[in-house]
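J.:
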Amino acid sequence: MSEDIQPEHGSLLPADIDALARRVVEENAAAGRKIALAESCTGGLVAAALTEIPGSSAVLDRGFVTYSNEAKMESLGVAQDIIETFGAVSIACVWAMANGALQRSSADVAVAISGVAGPDGGTTLKPVGTVVFAKACNGSDAEPEGELKHFADMNRAEVRHQATLCALELLLP
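Each residue of the sequence shown is one higher than the one before, starting from 1 at the first, in the UniProt record's numbering.
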């Protein structure tokens with residue numbers, strides 16, 4: 001077995017991410033729910049975590065990695081005025097990303113993530129470690145759920161790790 005693969009759980013990913021991804025796949029499969037993802041600062045880590053789990057094809061419909069503002073607009077239909085007014089790291093942007101992923105998929109639920117993983121790119125208002133999340137559900141008249149988190153005093157890998165865990169939590173039924 002390769003030394004790069006975590007022998008205790010046979011995954012390329014950390015055990016906590018792997019365990020939570022397993023719960024997401026199992027619980028969404030039991031609920032008959034399909035998932036879509038719109039990832040920016042996590043760069044596909046949430047989708048990678050889900051696809052580590054056997055049976056994930058019954059749950060994961062698709063994932064969008066929209067790292068640039070252009071990708072958010074072109075792939076997910078995020079309006080340019082949202083990005084210009086609120087920025088890519090904003091509740092407004094991730095709401096639009098989650099809705100765009102939902103509309104462009106066969107999913108029942110979509111989660112979007114955008115943030116400042118660092119070490120550069122932070123501002124006074126949005127320091128490194130700022131990550132925003134949104135969840136949108138098909139057939140729901142409610143506004144998408146949105147959440148802003150600050151992962152202070154963490155390096156880039158740690159911010160992305162914590163953001164992945166938060167996104168997976170949002171995907172639990």
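Just so you know, even glycine gets a beta-carbon here, dropped at the ideal spot from N, CA and C.
Kindly provide the ranges of any beta strand (DSSP E) runs that are 3 or more residues long and lie completely inside the UniProt domain "CinA C-terminal" (19-172), ordered along the chain.
T.: Listed in chain order, the complete beta strand (DSSP E) runs (minimum 3 residues) inside the UniProt domain "CinA C-terminal" (19-172) are 35-39, 60-65, 109-115, 130-137 and 145-150.
J.: When the Cα atoms are used, what is the spatial distance from L50 to S56?
T.: Answer to the nearest angstrom: the Cα atoms are 6 Å apart.
J.: Leaving aside the five residues before and after D16 along the sequence, list all residues of the same chain whose C-beta is less than 7 Å from its C-beta, in chain order.
T.: For D16, where only same-chain residues beyond five positions count, the Cβ hits under 7 Å are L165.
J.: Relative to the alpha-carbon of A79, which residue among C93, S68 and T130 has its alpha-carbon at the smallest distance?
T.: If we check each option's Cα against that of A79, C93 comes out closest.
J.: Taking all protein chains shown into account, decide if L172 is buried (16 or more other Cβ within 10 angstroms of its Cβ) or exposed.
T.: So L172 counts as exposed.
J.: Should the segment 66-82 be called in touch with the segment 24-32, which here means at least 3 C-beta pairs below 8 Å?
T.: No: the two stretches stay apart, fewer than three of their Cβ pairs being nearer than 8 Å.
J.: Please list, in chain order, all residues of the same chain as S2 whose beta carbon is under 6 Å from its beta carbon, the five residues on each side excluded.
T.: Caution is warranted here: a pLDDT of 45 is assigned to S2, below 50, making its placement in the model unreliable, and the coordinate value is therefore given only provisionally. Result list for S2: empty, nothing under 6 Å.
J.: Which same chain residues end up closer than 8 Å to M73 when comparing Cβ atoms and leaving out the 5 residues on each side of it in sequence?
T.: Excluding residues within five positions, the ones whose Cβ falls inside 8 Å are A79, Q80 and I83.
J.: Is L168 buried or exposed, if buried means 16 or more other CB atoms sit within 10 Å of its CB?
T.: Looking at its Cβ environment, which holds 16 or more other Cβ atoms inside 10 Å, L168 is buried.
J.: Whose C-alpha, out of V131, K135 and T124, is nearest the C-alpha of A101?
T.: Selected option, being the one with the closest Cα: K135.
J.: Quick one: residues in its chain with C-beta nearer than 6 Å to the C-beta of A110, no 5 flanking neighbours on either side, listed in chain order?
T.: The answer, listed in chain order, is A36, A98, A101, L102 and A136.
J.: Classify T42: buried if its beta carbon has 16 or more other beta carbons within 10 angstroms, exposed otherwise.
T.: It counts as buried.
J.: Could you check whether V46 and I91 sit closer than 9 Å to each other, using their CB atoms as the reference points?
T.: Result no, Cβ atoms of I91 and V46 do not sit closer than 9 Å.
J.: Roughly how many whole angstroms lie between the Cα atoms of T124 and V116?
T.: About 12 Å.
J.: Can you name, in chain order, every residue of its own chain whose Cβ lies under 8 Å from the Cβ of K34, other than the five neighbours on each side?
T.: Same-chain partners within the cutoff: N28, V59, L60, D61, S105, S106, A107, D108 and V109.
J.: Roughly how many angstroms lie between the CA atoms of G122 and R156, to the nearest whole one?
T.: Between G122 and R156, the C-alpha separation is close to 12 Å.
J.: Under 9 Å between the Cβ atoms of A152 and G129?
T.: Yes, Cβ-Cβ distance for A152 and G129 is below 9 Å.
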